[in-house]
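Undergrad: After the structure tokens below, expect a handful of questions from me.
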Ligand SMILES: C[S@@+](CC[C@H](N)C(=O)[O-])C[C@H]1O[C@@H](n2cnc3c(N)ncnc32)[C@H](O)[C@@H]1O
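Numbering (my numbering), first residue to last: 55 to 300.
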């Protein structure tokens, strides 16, 4: 990479709260690959702030990478960034970076990317994952495949609360899997007393109550089974809500 020349008129990249929370999980001096980078702001900011000496911007689609290139030209016209077209972790070599970020994708897709070559996935020291949905499935996959969830946090983005999951390879003890709701409401959020935890659980209760109303008004042979299941989930979530307030 060419050395960066600082210009007085240089615009500093201001990350969204979600991307900043992810950036905060990268340690000083760590090299980073941002898989599915799209606009490329996260790796550019990590490099600009001096946290990461080398960043890789990778995406499966040419369109998003073009967007990243436009942003590079706008913010760092004199700097050459490592931009790569490719699917998932195939864009990087085993152990090529210390940290991998996969953010803003569905949980199922993240599982597929991580599972494509497990030996390779285990060569990175940490991975910061931010699934848009299917968070429970991703946590189950991580547990099953021997990844340690060492940190989790919630961050507001518009009307959503995003879940950020930080993992490292190795079978260090996970505190997940002890109760029925652990995969959906991570015990790590309780341990950390995440400030958005109560709101996160209350959102889930609100959704379940809407489902309950819809089931009550509906017909079908599974109606009573579904009613029972939904009432059970609301009960478990109410218990979690109480715990989060204690
Ligand atoms: C919603 S954007 C997220 C952008 C950014 N990571 C963020 O969190 O703001 C998802 C990006 O992932 C890319 N993508 C989807 N599947 C991918 C894959 N298998 N490998 C690499 N990139 C992928 C898409 O092209 C898109 O640019």
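Built from N, CA and C at the ideal position, the CB exists for glycine as well.
1) Please say whether residue 131 and residue 92 have beta carbons closer to each other than 7 angstroms?
2) Which same chain residues end up closer than 6 angstroms to residue 61 when comparing Cβ atoms and leaving out the 5 residues on each side of it in sequence?
3) Given the structure, does residue 240 come close to ligand 1, in the sense that its CB is under 6 angstroms from one of the ligand's heavy atoms?
4) Report the rounded CA-to-CA distance for residue 277 versus residue 232, giving the unit in angstroms.
5) Straight-line CA distance for residue 71 to residue 198?
6) Counting C-beta neighbours from all protein chains within 10 Å, is the total for residue 157 16 or more, i.e. buried, or is it exposed?
7) Below 8 angstroms on the Cβ atoms is my guess for residue 88 versus residue 109; work out the distance and round it to an integer in Å.
8) Around the Cβ of residue 97, are there at least 16 other Cβ atoms within 10 angstroms (buried) or fewer (exposed)?
9) CB-CB under 6 angstroms to residue 251, same chain, minus the five flanking residues each way: which ones, in chain order?
10) Taking 6 angstroms as the cut-off, is the C-beta of residue 153 nearer than that to any heavy atom in ligand 1?
11) If residue 205 sits next to residue 79, beta carbons under 8 angstroms apart, how far is it from one beta carbon to the other, in whole angstroms?
12) Rounded to whole angstroms, what is the Cα-Cα separation between residue 237 and residue 189?
13) Using the rule of at least 16 other Cβ atoms within 10 Å of the residue's Cβ for burial, across every protein chain shown, is residue 208 buried or exposed?
14) Less than 6 angstroms separating the Cβ of residue 157 from some heavy atom of ligand 1?
15) Rounded to the nearest angstrom, what separates residue 240 and residue 193 at their Cα positions?
16) With H, G and I counted as helix, E and B as strand and the rest as coil, what does DSSP make of residue 114?
17) Tell me whether residue 205, by its Cβ, gets closer than 6 angstroms to a heavy atom of ligand 1.
18) At what residue ranges does the segment 79-112 contain a whole run of the beta strand (DSSP E), taking only runs of 3 or more?
19) Could you check what DSSP says for residue 123 in three-state terms: helix, strand or coil?
TA: Checking against the coordinates, here is how it stands:
1) no
2) The pLDDT assigned to residue 61 is 44, lower than 50, so where the model puts this residue is not dependable, and the model offers no usable value.
3) Residue 240 Cβ: outside cutoff for every heavy atom of ligand 1.
4) 29 angstroms
5) 30 angstroms
6) Burial call: buried.
7) 7 angstroms
8) buried
9) 243 and 298
10) no
11) 7 angstroms
12) 8 angstroms
13) buried
14) yes
15) C-alpha separation (whole angstroms): 9 angstroms.
16) coil
17) no
18) 86-89
19) Three-state result, residue 123: helix.
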